[in-house]
Amino acid sequence: MSHALTLTSIDYAILVIYFLFVLGIGFVLRRSVSGSKDFFESGRSLPAWICALGFIGANLGAQEVMGMAASGAKYGIMVSHFYWIGAIPAMVFVAVFMMPFYYGSKARSVPEYLKLRFDEKTRCFNALSFAFMTVMSSGISMYALAKLLNLILGWNFHGCIIVSGLIVLAYIFMGGLTSAIYNEVLQFFLIVLGFLPLVLLGLKDVGGWNGLVAKLAPVATKAGFASGAYVQSWSHTGSPADNPMGIEWFGLAMGLGFVLSFGYWCTDFLVLQRAMAAKDMGSARRTPILAAIPKMFFPFLVILPGMIAIALHSAGTGFQLPTKGTGLDYDMVVPTMLQHYLPTGMLGLGLTALMASFMSGMAGNVTAFNTVWTYDLYQSLRRWWGKPSPATIAYADGTVENVMFSRPEPADGHYLWMGRMTTIVGILLSMAAAYLAAKFNNIMDVLQLVFAFVNAPLFATFLLGMFWKRTTGHGAFWGLLMGTVAAGIHHGLTAPKGAVDVIKGGWLGHVYHTYPSEMAQNFWTAIWAFSTCLAVTIVITLFTARTKSDQELTGLVYSLTPKIKDHDLAWWKRPAVLGVIVLGAALALNLTFW
Amino acid sequence: MQLDVRLPIGLMFSLFGLILAVLGLVQGSEQTQRLFGLNLDLAWGLVILAFGLVMLVFALRARKKNDGNGPAS
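Each protein sequence line maps, in turn, to chains A and B. Under this note's numbering, the first residue of the first sequence is numbered 1, with each subsequent residue one higher. Under this note's numbering, the first residue of the second sequence is numbered 1001, with each subsequent residue one higher.
What follows is the structure, encoded as structure tokens:
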């Protein structure tokens, strides 16, 4: 066999059972979808723990399982920064401080919050860029899944695209957001139970944590770092040259820990949609915090396999990673480990978990896309089109009457229908994006850049919008636009070390600064975009008049909204108390692996 | 009444657990040799089965409670 994995009928049976359950959930839920609110917002009826696992499930896209294992092999334990400072603090912040406005404003999406707080143009800018990003991300997940299955099992690439697209389409079409969230919960457990044995066996094989540390020391010294560079997360961040990621502590804390992480967790509708589907304010606020608990331990599930793989590979124990070009093919860490450790049956489970991780990422993007399209683009365009306009009616007897004519708002069923149609369109666009990714091999790099340009400044807009009532719509819009432009300019004038491709930077003709790594460049691009957006929004706000009164901003701005009293809740239900506990645990993890 | 998500989760993992455990019982010893003498299919199958059953118990208890008080909100 030329392929890495061979499945038996038991493995196929597990895969088929999983798909039957996925489709079955959609089939049963279709009866509880009776209007657009059920379809797009799950009727705002779900308990916190389901929303929290959906929150994590939607975030478990293509990057998470495969990508984090690959990064773990490449950079070691430092990848945990994407969790312990790059996710947990932001998740606690959005829960405690921002969720009251997202959930309390009754906005159905993040762009709609921007419309309520600022104006239509700011919403439109955010909705368009977000819709584009979701379709592209979903397409990339699909492409990565099909490419992987083709590579390790020899399955037909086109078949994988079509089948995975149709399955996701079917369950969202039938059950809407609830169906997507329920499946994300199922996928979450599958991923944990499917990958945990891999980690445990790998850890046993490598001789426990101490064995891993001992085996990674020569890997680090060979690469020119101190012996602990792959197993200590902060100790080697004094200078970018001392660690495999090529970043120093300030860029790490500010770029990743603050701008990028808060920009993603606090403003990205893909994850926030799950929290906004909660049954009440308390549940909505608990969602990100409850999600932070498993998130905190994910490095052990997704990064550790990468570190174990590289340790075993270098120690020459018979475990071999495949090569790609002159280096190792890090993307093959998970498939190689699956094949090496798991027996028939378990292999089917592990592979099903891998496929689940791709599909939950895809479904999350599609549900966010259909909501933003239907409410923020279609409905607002329709309302603008249907604005009352003067018309003249001429009667047969020669009299003339001037009336205001307006297009009537359609029945709710129209938007439900639109949501379902958009789901089909979203899947078709994702398929197109998947083929685009297959055709141009650097399109993923280009897209990641676009994401960085659009996402990085966003948090400044929300921060000012929520906590400074003076902030105006013009200020927000131009700040956001200039922040995106600043990200582009910074990227165009700098380059990572050894860059040969203009996609990596320096495309404005002159390179003013060379960063030690691509990651360092990304973090600093984000810092520049955020700072520019913050400054431009403040300056333009001071020169423009407020268009929204204090009354209109009640429920949208911190100082104008009555504080939520939760003293009657049990302590373990209060977001602030839970938040402090979660932050304490994240701090302890940082110190343990310092 | 909306579907309780613990029901499909419980059913699916109980089924997976059973399949793996039975597979572990009937398969030969050459599989276990490779894994430090561990019968992984049997061991992990039982873990998954236990998880599935706990989910099912929760789902059935919630259903019983709701039957007494009318449909869940």
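Even for Gly, the Cβ is constructed at its ideal location relative to N, Cα and C.
How far does the beta strand (DSSP E) with residue i in it reach, from first residue to last?
i, result
"residue 409 of chain A", "Neither: residue 409 of chain A is in no beta strand (DSSP E) and is coded neither H nor E."
"residue 314 of chain A", "From DSSP, residue 314 of chain A is part of no beta strand (DSSP E) but of the alpha helix (DSSP H) over 304-315."
"residue 514 of chain A", "513-515"
"residue 253 of chain A", "Careful: residue 253 of chain A lies outside any beta strand (DSSP E) and carries neither H nor E."
"residue 496 of chain A", "494-496"
"residue 391 of chain A", "389-394"
Could you compute how far the alpha carbon of residue i sits from the alpha carbon of residue j?
i, j, result
"residue 1049 of chain B", "residue 1017 of chain B", "4 Å"
"residue 417 of chain A", "residue 321 of chain A", "49 Å"
"residue 166 of chain A", "residue 344 of chain A", "28 Å"
"residue 251 of chain A", "residue 582 of chain A", "24 Å"
"residue 221 of chain A", "residue 531 of chain A", "38 Å"
"residue 224 of chain A", "residue 529 of chain A", "33 Å"
"residue 487 of chain A", "residue 1012 of chain B", "47 Å"
"residue 514 of chain A", "residue 253 of chain A", "20 Å"
"residue 546 of chain A", "residue 258 of chain A", "29 Å"
"residue 297 of chain A", "residue 129 of chain A", "32 Å"
"residue 89 of chain A", "residue 454 of chain A", "22 Å"
"residue 87 of chain A", "residue 539 of chain A", "30 Å"
"residue 181 of chain A", "residue 498 of chain A", "43 Å"
"residue 103 of chain A", "residue 277 of chain A", "9 Å"
"residue 1027 of chain B", "residue 1058 of chain B", "33 Å"
"residue 560 of chain A", "residue 175 of chain A", "37 Å"
"residue 30 of chain A", "residue 375 of chain A", "21 Å"
"residue 214 of chain A", "residue 294 of chain A", "28 Å"
"residue 356 of chain A", "residue 496 of chain A", "34 Å"
Over the uninterrupted alpha helix (DSSP H) stretch that includes residue i, give me the two end residues.
i, result
"residue 461 of chain A", "458-467"
"residue 100 of chain A", "99-104"
"residue 367 of chain A", "346-371"
"residue 1009 of chain B", "1006-1026"
"residue 518 of chain A", "518-543"
"residue 47 of chain A", "Here residue 47 of chain A belongs to no alpha helix (DSSP H), and DSSP marks it neither H nor E."
Secondary structure at residue i, three-state DSSP: helix, strand or coil?
i, result
"residue 134 of chain A", "helix"
"residue 111 of chain A", "helix"
"residue 235 of chain A", "coil"
"residue 402 of chain A", "strand"
"residue 284 of chain A", "helix"
"residue 323 of chain A", "strand"
"residue 193 of chain A", "helix"
"residue 278 of chain A", "strand"
"residue 1072 of chain B", "Bear in mind that a pLDDT of 44 at residue 1072 of chain B, under 50, signals an unreliable position, so the number given afterwards is only what the model happens to contain. DSSP places residue 1072 of chain B in coil when its eight states are reduced to three."
"residue 553 of chain A", "coil"
"residue 177 of chain A", "helix"
"residue 328 of chain A", "strand"
"residue 243 of chain A", "coil"
Report all residues from its chain with a CB closer than 7 Å to the CB of residue i; omit the five preceding and five following residues, and keep chain order.
i, result
"residue 386 of chain A", "406 and 407"
"residue 412 of chain A", "35 and 36"
"residue 105 of chain A", "113, 116, 555 and 556"
"residue 353 of chain A", "190, 191, 194 and 195"
"residue 378 of chain A", "418"
"residue 373 of chain A", "131 and 422"
Using a Cβ-Cβ cutoff of less than 6 Å, which residues in the same chain neighbour residue i once the five nearest sequence positions on both sides are dropped?
i, result
"residue 137 of chain A", "365"
"residue 464 of chain A", "471 and 537"
"residue 1024 of chain B", "1039, 1041, 1042 and 1045"
"residue 260 of chain A", "526"
Rounded to the nearest angstrom, how far is the Cβ of residue i from that of residue j, given a contact under 8 Å?
i, j, result
"residue 275 of chain A", "residue 287 of chain A", "4 Å"
"residue 334 of chain A", "residue 183 of chain A", "That belief does not hold up - the Cβ atoms of residue 334 of chain A and residue 183 of chain A are roughly 21 Å apart, past 8 Å."
"residue 82 of chain A", "residue 263 of chain A", "Going by Cβ atoms, the distance from residue 82 of chain A to residue 263 of chain A rounds to 14 Å, so no, they are not a contact pair."
"residue 164 of chain A", "residue 25 of chain A", "So it is not a contact: roughly 16 Å between Cβ atoms."
"residue 5 of chain A", "residue 338 of chain A", "7 Å"
"residue 269 of chain A", "residue 368 of chain A", "5 Å"
"residue 244 of chain A", "residue 229 of chain A", "6 Å"
"residue 97 of chain A", "residue 271 of chain A", "Contact flag wrong, Cβ pair sits at about 16 Å."
"residue 312 of chain A", "residue 445 of chain A", "Not confirmed; about 30 Å, so no contact."
"residue 160 of chain A", "residue 146 of chain A", "4 Å"
"residue 77 of chain A", "residue 308 of chain A", "Going by Cβ atoms, the distance from residue 77 of chain A to residue 308 of chain A rounds to 12 Å, so no, they are not a contact pair."
Closer than 8 Å by C-beta to residue i: which residues in its own chain qualify, once you throw out the five before and the five after it? Chain order, please.
i, result
"residue 121 of chain A", "473 and 477"
"residue 490 of chain A", "524, 525, 528 and 529"
"residue 135 of chain A", "365, 369, 426, 429, 430 and 433"
"residue 389 of chain A", "404, 405 and 406"
"residue 340 of chain A", "319"
"residue 301 of chain A", "191, 192, 195, 196 and 199"
"residue 283 of chain A", "46, 47, 48 and 51"
"residue 241 of chain A", "516"
Next on the checklist: What are the residues in the stretch 10-24 of chain A lying within 8 Å of chain D by C-beta distance?
Outcome noted: In summary, chain D is missing from the structure at hand, where the protein chains are A and B.
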